Amino acid sequence: MNKTNKTVFDSDTGRLNKREESSNVVTYTGPMCAGKSTKLYKLLSCISKHTKKNVLLILPNKHDCINDKVIISRAGACYTGVVVLLTEFNKLSSLKFDDIFQKYDYVGVDEIQFLSDTSDEIYEVTQEARKTGKTLFFSGLDRDFKLKKFEATTYAMDFSDLIVRYKARCDGCDEENSAIYTKRRTTEKNQDRILIEKTAYYPLCHSCYHSGK
Ligand SMILES: [Zn+2]
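Under numbering that gives the first Met the number 0, the first residue of the sequence shown carries the number 0, and numbering increases by one thereafter.
Below you can see the structure in the form of structure tokens.
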């Protein structure tokens with residue numbers, strides 16, 4: 000479907016760039032504290048504010064940034080629009096996306112590393128965005144603190160028109176825009192893949208990660 004007549008604004012950059020604007024499926028990824036959720040919340044909020052388009056935010060049930068009815072990113076960006084919380088299974092494909100895209104023009108899914116959908120299921124969800132000409136934004140961590148890929152994020156990237164990989168300020172050397180990995184502060188053995196507690200994980204650049212900081 001033709002998407003050239005959209006007018007979309009972003010609070011940081013003004014109008015979205017042409018690649019974002021012409022995409023049905025976009026994935027924002029990177030390590031902890033890189034601004035992925037902030038980008039998504041600002042984007043949806045600005046679309047809602049500056050256009051007559053309807054926006055929806057979908058969150059996994061492990062999301063920890065809900066404060067009353069305002070969704071707040073770790074960097075403090077707020078989202079106050081319509082939210083759907085997934086069930087305990089965190090299956091995006093459990094939602095009826097044909098109905099969702101009838102009502103909403105821009106749908107964001109945050110913390111996609113928690114999703115349990117298969118590759119085929121993520122594909123089907125992205126196909127609904129394409130069929131209807133609507134836009135689906137994914138946001139989530141690419142790898143855990145052992146550098147193992149999160150499968151759902153990989154699937155989302157596989158079916159995206161555009162992938163934007165953000166970098167964070169390194170917690171080791173303080174270099175801006177250099178951290179590409181996430182490291183865990185504690186060494187408890189039984190929670191090797193769950194990333195919830197914001198203070199337990201921090202971003203590091205390549206050299207700090209491998210020097211054991
Ligand atoms: Zn560093």
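Yeah, the Cβ is synthetic: ideal placement off N, Cα and C, and Gly gets one too.
Please read these numbers as outputs of a predicted model, since none were measured by experiment.
Leu203 carries a strand assignment under DSSP once its states are collapsed to helix, strand and coil. Under the three-state reduction of DSSP, Phe96 is assigned to helix. Between Leu140 and the set Leu42, Leu43 and Tyr201, the nearest pair of CA atoms involves Tyr201.
Relative to the Cα of Thr79, the nearest Cα in the group Thr181, Leu55 and Ile99 belongs to Leu55.
DSSP, read as helix, strand or coil, puts Ala167 in strand. Counting C-beta pairs with one atom in each stretch, the segment 36-48 and the segment 83-101 have fewer than three that are closer than 8 Å, which means they do not touch.
In the three-state reduction of the DSSP assignment, Phe113 falls in the helix class, which pools H, G and I.
Between the C-alpha atoms of Ala128 and Val108 there is a straight-line separation of about 13 Å. The beta carbons of Val24 and Asp160 sit closer together than 8 Å.
Distances between the C-beta of Leu146 and the heavy atoms of ligand 1 are all 7 Å or more.
Residue Leu114 holds the alpha-carbon nearest to the alpha-carbon of Phe137 among Leu114, Lys148 and Ala178.
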